[in-house]
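As structure tokens, the structure follows; a few thoughts come after it.
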Amino acid sequence: MTGENQVATLTDAWDFAVELRADPATAEARGAVLAKPGFGQAFTDHMVVANWTSELGWHGAKVTGYAPLKVSPAAAVLHYAQEIFEGLKAYRHEDGSVWAFRPEVNAGRFKRSAERLALPVVPEEAFLGALRALVTVDEVWVPAAGTGETSLYLRPYMIATEAALSVRPAREVLFGVIASPAGAYFDTGPKPVSIWLSSTSIRATPGGTGAAKCGGNYAASLAALAEAVANGCDQVAYLDAVERRWIEESGSMNLFFVYSDGRIATPELSGSILEGVTRDSVLQMAADLGHEVEEKRISADDWRDGVRSGEITEVFASGTAAVITPIGRLAWDGGEVVIGDHSVDHGVGPVTATLRKSLLDLQHGRSPDPHNWLTRLA
Ligand SMILES: *Cc1c(COP(=O)(O)O)cnc(C)c1O
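Below, the structure written as structure tokens:
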């Protein structure tokens, strides 16, 4: 096959047909959702689906009415968790246009996750095409600009649909995108969360799936989350699997430490940490703001002792859903430390607040985009 033919095939396979649903939400019903979107509760009128088989490759890509999927009870995903996903947001700017934040980085991560889970790869252009196709059809669901932090959350995913209980990479797969209006994660401005240092649960191991965004990692983290909640905390921090000493991440967010001399550090990518788009962007923005940034190993002892001595002044978590979340307390079996000055600004430190605002302003088009991080979707 010549290169030209390959390009033509790719284009045809990912030419999204549009099947508009006959019964979209009324303007009133949609308005009610957009007035108070919450997170991941309500979905837009349409969704993207595309099918893959080992015989035909990708085919049937379309935008169609949002509806339950029909899958066999023997579908491999239900038994062996052959599944990956992504999460990113579409932001309405003041002039009405709609933009995604570094979607090509999500596309690249989706590709690496697919390879790790033995799923077929969705080409970057097709991944971006799927986002564009859905947002174009459901544009009325993108919250208005100027309402602060609202966006349309986009959730690409891929599942093994083949009805076969033998353990091997599935020969039938579904790729989809759904979309959900998202409100400000914090109703009344960011509030510090508390973190439980799990001494019993490990999220990811060397050679495991920690660097892939797959549902299995989340399923395995729910018991530790329940343990955190039972101990009065909001989230978990996981240690490395080998020495049980080094801080990895919080299971859906990456972690950052701010030092009294202005340095900002995050655990270095170890192969078992999920490489967050927000993490990478915070590293760049912090450097742009003049901070010295480091990716290094940070132990639980470093965290505890650094907070106690005053060397660590702020700790925060980063991820697409909550952007930047201040952390106000670290607790473990037998003790705790309180981070930052809770008598001012609800305990949100100045560096955390500045980075949070800088990132949100860029995403919502309220400040320049020096690194060309925004891609127009509609
Ligand atoms: C998605 C995710 C993050 C955050 O990544 P972003 O790209 O910044 O949203 C962090 N940790 C885990 C385990 C994740 O799945």
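Residues in the sequence shown are numbered consecutively from -11, following the working numbering. Backbone N, C-alpha and C define an ideal beta-carbon position, used for all residues, glycine too.
Using three-state DSSP, classify residue i as helix, strand or coil.
i	result
glutamine 351	helix
arginine 18	helix
asparagine 242	strand
tryptophan 234	strand
glutamate 160	strand
tryptophan 87	strand
valine 125	helix
histidine 81	coil
histidine 67	helix
serine 306	strand
tryptophan 291	helix
glutamate 283	strand
leucine 227	strand
lysine 50	strand
leucine 444	Here the chain has residues from -11 to 366 only, and residue 444 is not among them.
threonine 138	coil
alanine 13	coil
serine 168	strand
alanine 319	strand
threonine 32	coil
serine 42	coil
glutamate 324	strand
proline 356	coil
leucine 210	helix
leucine 343	helix
aspartate 0	helix
proline 314	strand
proline 108	coil
alanine 274	helix
phenylalanine 98	helix
alanine 23	helix
valine 93	helix
serine 331	coil
arginine 364	strand
alanine 132	coil
alanine 152	coil
threonine 266	helix
proline 56	coil
Using only alpha-carbon positions, find the residue among the options that is nearest to residue i.
i	options	result
threonine 52	Ser42, Ala172, Phe89 and Ala5	Ala5
alanine 49	Lys24, Arg80 and Ala121	Ala121
aspartate 349	Tyr79, Arg18 and Arg296	Tyr79
aspartate 321	Ala106, Glu113, Ser186 and Glu71	Ser186
leucine 142	Ala212, Glu282, Pro111 and Phe89	Phe89
aspartate 357	Trp87, Ala69 and Arg267	Trp87
leucine 172	Gly134, Leu227 and Ile252	Going by the sequence as given, residue 172 is alanine instead of leucine. Closest option to alanine 172, Cα to Cα, is Gly134.
leucine 8	Leu44, Trp46, Ala20 and Ala55	Ala55
histidine 352	Gln70, Gly136, Trp46 and Asp11	Gly136
arginine 296	Glu112, Ala216 and Tyr247	Tyr247
proline 144	Ser154, Phe98 and Ala151	Phe98
aspartate 3	Leu119, Gly294, His67 and Ala95	Leu119
arginine 354	Val332, Ala310, Gly259 and His81	His81
leucine 365	Ala69, Tyr68 and Gly117	Gly117
glycine 26	Phe174, Trp46, Ala152 and Gly96	Phe174
What is the rounded straight-line gap between the Cα of residue i and the Cα of residue j?
i	j	result
aspartate 392	arginine 233	Residue coverage of the chain in this structure runs from -11 to 366, which leaves residue 392 outside it and unanswerable.
alanine 15	leucine 22	10 Å
alanine 208	aspartate 83	43 Å
methionine -11	methionine 35	Legend: pLDDT at methionine -11 = 42, less than 50; position of this residue unreliable, no value from coordinates given.
alanine 17	alanine 225	39 Å
glutamate 299	arginine 251	10 Å
asparagine 242	alanine 274	15 Å
arginine 156	leucine 105	11 Å
glycine 0	isoleucine 286	Reading the sequence as shown, one finds aspartate at residue 0 and not glycine. Whole-angstrom Cα-Cα distance: 48 Å.
threonine 301	threonine 138	29 Å
threonine 188	alanine 199	21 Å
histidine 279	lysine 345	16 Å
leucine 318	valine 303	10 Å
glutamine 29	valine 230	38 Å
phenylalanine 244	threonine 254	5 Å
leucine 362	glutamate 112	16 Å
asparagine 205	alanine 10	38 Å
phenylalanine 163	leucine 57	12 Å
lysine 284	glutamate 256	5 Å
glutamate 103	valine 110	10 Å
glutamate 160	leucine 66	13 Å
State the CB to CB distance for the pair residue i and residue j, rounded to an integer number of angstroms; the pair is presumed to be in contact (CB under 8 Å).
i	j	result
serine 269	leucine 347	6 Å
alanine 63	threonine 197	Not confirmed; about 20 Å, so no contact.
threonine 266	glycine 203	The Cβ separation is near 20 Å, so there is no contact.
lysine 201	phenylalanine 73	6 Å
histidine 359	glutamine 272	7 Å
methionine 146	glutamate 263	Going by Cβ atoms, the distance from methionine 146 to glutamate 263 rounds to 18 Å, so no, they are not a contact pair.
Give a single yes or no on whether residue i has its beta carbon closer than 7 Å to a heavy atom of ligand 3.
i	result
threonine 254	Ligand 3 is not among the ligands present in this structure, which contains only ligand 1.
Within the chosen definition, does the segment 159 to 170 reach the segment 126 to 141 through at least 3 CB pairs nearer than 8 Å?
-> yes
Counting pairs of beta carbons, one from the segment 323 to 340 and one from the segment 193 to 200, are three or more of them closer than 8 Å?
-> Note that the segment 323 to 340 does not touch the segment 193 to 200; fewer than 3 beta-carbon pairs, one per stretch, sit closer than 8 Å.
Inter-stretch contact (C-beta, 8 Å, three-pair minimum) for the segment 173 to 182 and the segment 301 to 318 = Yes, the segment 173 to 182 is in contact with the segment 301 to 318.
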